[in-house]
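Inspection log for the structure reproduced underneath, given as structure tokens.
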Amino acid sequence: MTDTNWAGNVRWSARTRHRPTSLDELRRLVAGADRVRAVGTGHSFNRLGDTAGAQIALAGLPPTVALDPDRGTVTVAAGLRYGDLATTLQDRGYALANLASLPHISVAGSVATATHGSGVGNRNLAAAVAALELVTADGDLLTVDRADPRFAGLVVNLGALGVVTRLTLDVVETFEVRQYVRLGLPREALAEALGAAYSVSVFTGWRSERLDQVWIKQDADQPPPAADWLDTVPAETPQHPVPGMSPEHCTAQLGEPGPWHERLPHFRLGFTPSSGDELQSEWHVPRADAAAALAALDPVAERIAAVLQICELRTVAADELWLSPNFRRDTLAVHFTWIGDPVAVAPVLAEVERRLAPFAPRPHWGKLFDRDPAAAYPRHADFAALLREFDPAGKFRTEELDRYFPRD
181 MTDTNWAGNV
191 RWSARTRHRP
201 TSLDELRRLV
211 AGADRVRAVG
221 TGHSFNRLGD
231 TAGAQIALAG
241 LPPTVALDPD
251 RGTVTVAAGL
261 RYGDLATTLQ
271 DRGYALANLA
281 SLPHISVAGS
291 VATATHGSGV
301 GNRNLAAAVA
311 ALELVTADGD
321 LLTVDRADPR
331 FAGLVVNLGA
341 LGVVTRLTLD
351 VVETFEVRQY
361 VRLGLPREAL
371 AEALGAAYSV
381 SVFTGWRSER
391 LDQVWIKQDA
401 DQPPPAADWL
411 DTVPAETPQH
421 PVPGMSPEHC
431 TAQLGEPGPW
441 HERLPHFRLG
451 FTPSSGDELQ
461 SEWHVPRADA
471 AAALAALDPV
481 AERIAAVLQI
491 CELRTVAADE
501 LWLSPNFRRD
511 TLAVHFTWIG
521 DPVAVAPVLA
531 EVERRLAPFA
541 PRPHWGKLFD
551 RDPAAAYPRH
561 ADFAALLREF
571 DPAGKFRTEE
581 LDRYFPRD
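Here it is in structure tokens:
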């Protein structure tokens, strides 16, 4: 276990740190702690998961993967990385409908923060959860599924309701994908580009009137983009989203077919995606407001570019999960990978939030943001009630969580 998050901008405050190797050991640790938080792969950029008590890493639990073809589900250990789960599913002829850009992140951590991939028809990763098992504050083991009326509030839980130990996810039959990269997308063609394939990501450095790159991840049996597709040009060599970085860590491009788990992410499992010397923020706005939201940022484009590595634009389909940024609305996710300088980034981040405010932006729970999320999440009060029900003594609470869900 490391003493910082992946990016190194958060140093953990835990008094004790544990890596249990069995469910019984985990239950004893939770029951005996006054304050406790679970940690996955640490790909979070704020202190929502920090604690002054006991920190528990889930990666030491048995990495179980139990496929149920009859029900179309797979039940997995919470600490398993998506890339490892995907490899196992592929070997058995199955797939997940969606993956995030990084295969290195843990299943439980991704679900707890409503992490997502891209695609106008693709919901975030948490929407695939059919059931979950968690250790509650007193060490008991609870299993809930979609039949439970609280389920939509329990899935994206911010680690605040207990320690999730296993999740059951919907699966589909395996499929193949081709990935193409196009350069120089006119801004007015953004909406059409985002809806042009199974999964699409658009990258911009905010330094040009045109958007820099379009990563098109399409079904392998579809024809390639036309030579003059949306007035762009094809990339003749593999690309990295961040200018100047080597593409060797990226998934195969140039239309080479491959299985879903080797194309939907941007980065390959066997490589570290970047140095980690970065900060990240992301806000979800209604997809119908995409053009207006981006136009609102245009006056500060130079300020953004000065502290930016890259900005990624993606779409995510609506779901019913209470703390999902995509709750009951299709969204455009505006993601910023900043330079690793908190002092330089902070005022620009605040200005971006201010300019997006008219569009009711919902922040990604695992990224940096200042805005109080209460007004943006219609079921905020319902989740606060779950906090009181599941954790009346505040065992899983943190200072940052108290900011977003004040105690009574």
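Be aware that the sequence shown starts at 181, since it is given in my numbering, and climbs by one per residue.
Note that the Cβ used here is the ideal one computed from N, Cα and C, for glycine as well.
Bear in mind the structure is a predicted one, so any value in this text is a computation, not a measurement.
With burial defined as no fewer than 16 other Cβ atoms inside 10 Å of the residue's Cβ, what is the status of residue i: buried or exposed?
| i | result |
| --- | --- |
| P543 | buried |
| D469 | buried |
| A573 | exposed |
| R272 | exposed |
| T295 | buried |
| P505 | buried |
| S426 | exposed |
| T375 | Looking at the sequence itself, residue 375 is Gly, so the reference to Thr does not match. So G375 ends up on the exposed side. |
| R583 | exposed |
| T221 | buried |
| P538 | exposed |
| S202 | exposed |
| S281 | buried |
| A257 | buried |
| T431 | buried |
| R587 | exposed |
Helix, strand or coil for residue i? Go by DSSP, reduced to three states.
| i | result |
| --- | --- |
| S193 | coil |
| W395 | strand |
| P572 | coil |
| A498 | coil |
| P543 | strand |
| T244 | coil |
| F585 | coil |
| G263 | helix |
| V528 | helix |
| F507 | strand |
| I236 | strand |
| Q460 | strand |
| I484 | helix |
| G289 | helix |
| L314 | strand |
| E492 | strand |
| G438 | strand |
| D550 | coil |
| T268 | helix |
| R577 | coil |
| P522 | helix |
| L228 | coil |
| D250 | coil |
To which residues of the same chain is residue i closer than 6 Å at the C-beta, ignoring the five residues directly before and after it?
| i | result |
| --- | --- |
| L474 | none |
| P423 | none |
| K547 | F225, Q460, S461, E462 |
| V335 | A306, V309, L501 |
Short of 8 Å in beta carbon distance, which residues of its chain neighbour residue i, apart from the five on each side in sequence? Order them along the chain.
| i | result |
| --- | --- |
| I484 | W386, L477, C491, F516, V528, V532 |
| G263 | P283, H284, H441, P445, L449 |
| R199 | M181, I236, A237, A239, G240 |
| L581 | L228, L338, A340 |
| A498 | R303, N506, F507, R508, R509, D510, T511 |
| R195 | A232, G233, A234 |
| E579 | R227, D230 |
| V413 | R362, L363, G364 |
| Y557 | W502, L503, F507, R542, F563 |
| Q270 | T354, P439, W440, H441 |
Got a sec? Which residues, its chain only, sit under 7 Å from residue i by beta carbon, not counting five neighbours each side?
| i | result |
| --- | --- |
| Q489 | V422, E458, T517, W518, I519 |
| W409 | R362 |
| L247 | V254, R272, Y274 |
| P418 | P427, C430, Q433, L434 |
> If you pair each beta-carbon of the stretch 345-354 with each one of the stretch 292-302, do three or more pairs fall below 8 Å?
Replying inline: These segments do not touch.
>> Pairs of beta-carbons, one from the stretch 201-219 and one from the stretch 564-572, closer than 8 Å: are there three or more?
In response: No, the stretch 201-219 is not in contact with the stretch 564-572.
> Any contact of the stretch 364-379 with the stretch 388-397, i.e. 3+ C-beta pairs under 8 Å?
Replying inline: Proximity of the stretch 364-379 to the stretch 388-397 meets the contact definition, three or more beta-carbon pairs being nearer than 8 Å.
>> Quick check on the DSSP output: what are the complete beta strand (DSSP E) runs of length 3 or more inside the stretch 328-396, in order along the chain?
In response: With a minimum length of 3 residues, the continuous beta strand (DSSP E) runs that stay inside the stretch 328-396 are 343-350, 356-366, 379-384.
> Between the stretch 224-235 and the stretch 396-414, do three or more beta carbon pairs fall short of 8 Å?
Replying inline: Flag = no, the stretch 224-235 and the stretch 396-414 do not touch.
> Is it true that the stretch 302-314 meets the stretch 323-339, where meeting means three or more beta-carbon pairs spaced less than 8 Å apart?
Replying inline: With the cut-off at 8 Å, the stretch 302-314 and the stretch 323-339 touch.
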